[in-house]
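Worksheet: the structure to be examined is printed underneath.
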Ligand code: DC
């Protein structure tokens, strides 16, 4: 196991990526956004024009595709068959279809392995997703689970998109958050839930920096007592 494995899990829009990136920077660790691995497979399958609900067809695409994940400038860069796909992965068309990949046990098993292999290359890793503390890195030294009121998560997404010059109706974002929560919580493999030994932080009324400070405080305390 990596000497410094920190997992951050939680629902869509809770701010996991922001917090994980900030924490990784503070600790000189590598940041792994595991949602990007699910998105990469989804995008490759979409580009191959196959039936996304057929896991065997998706596995074939995975075998035939070259995925590369790099840690570059504090970001996870994703290259699919030599093409930079980092931004394309975030398109709403991809977000909508990830559930077909995320709900398939065989595909999840492949992605869990990929995430473990990626992390094994580094000394210090901060990873974020839905199942990092429960399934992928059950022996991680520090486990956090972020929560926030769904309306507040939709509000944050709304602000983020507005800042990027994209006007999306608040009710649509709210509905998407509720739908993604249901799909994340109810899937039978790798569902969204806190690990028994995770520290749960409600971020509804606190900003990302405050969350990171809380985490650093917990990490320092535990580190000293070892
Ligand atoms: O964090 P994100 O929104 O980029 O994740 C995209 C999708 O991938 C999300 O709908 C659920 C899925 N996912 C997952 O099932 N397990 C993970 N560890 C990370 C993401």
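Residue numbers (the numbering used here): 9 to 234. All C-beta atoms in this analysis are idealised placements derived from N, C-alpha and C, irrespective of residue type, glycine included.
Following a CB-centred definition, is residue i positioned closer than 7 Å to any heavy atom of the ligand DC?
| i | result |
| --- | --- |
| residue 106 | yes |
| residue 189 | no |
| residue 43 | yes |
| residue 140 | yes |
| residue 162 | no |
| residue 110 | yes |
| residue 20 | yes |
| residue 47 | yes |
| residue 125 | no |
| residue 198 | yes |
| residue 23 | no |
| residue 89 | no |
| residue 192 | yes |
| residue 137 | yes |
Does DSSP put residue i in a helix, in a strand, or in coil?
| i | result |
| --- | --- |
| residue 95 | coil |
| residue 84 | strand |
| residue 178 | helix |
| residue 126 | helix |
| residue 14 | strand |
| residue 214 | coil |
| residue 208 | strand |
| residue 203 | coil |
If I'm right that residue i touches residue j with Cβ under 8 Å, what's the distance once you round it to whole angstroms?
| i | j | result |
| --- | --- | --- |
| residue 69 | residue 48 | In fact, because the Cβ distance is near 11 Å, the residues do not count as touching under 8 Å. |
| residue 162 | residue 43 | Between residue 43 and residue 162 the Cβ distance is about 18 Å, and since that is not below 8 Å, they are no contact. |
| residue 141 | residue 15 | 4 Å |
| residue 77 | residue 67 | Actually they do not touch by this definition, with Cβ atoms about 19 Å apart. |
| residue 65 | residue 59 | 6 Å |
| residue 6 | residue 19 | What the structure shows of the chain is the stretch from 9 to 234, and residue 6 is not part of that stretch, so it cannot be assessed. |
| residue 5 | residue 120 | In the structure displayed, the chain extends from 9 to 234; residue 5 sits before or after that span and is not available. |
| residue 223 | residue 31 | 6 Å |
| residue 40 | residue 133 | 6 Å |
| residue 155 | residue 210 | 5 Å |
Length-filtered (4 minimum) alpha helix (DSSP H) runs lying within the region 21-62: Uninterrupted alpha helix (DSSP H) stretches at least 4 residues long and entirely within the region 21-62 occur at 24-35 and 42-55, given in chain order.
3-residue-minimum beta strand (DSSP E) runs that sit fully inside the region 132-172, ordered along the chain: Taking only runs of at least 3 residues, the beta strand (DSSP E) segments lying wholly in the region 132-172 are 132-137 and 150-155.
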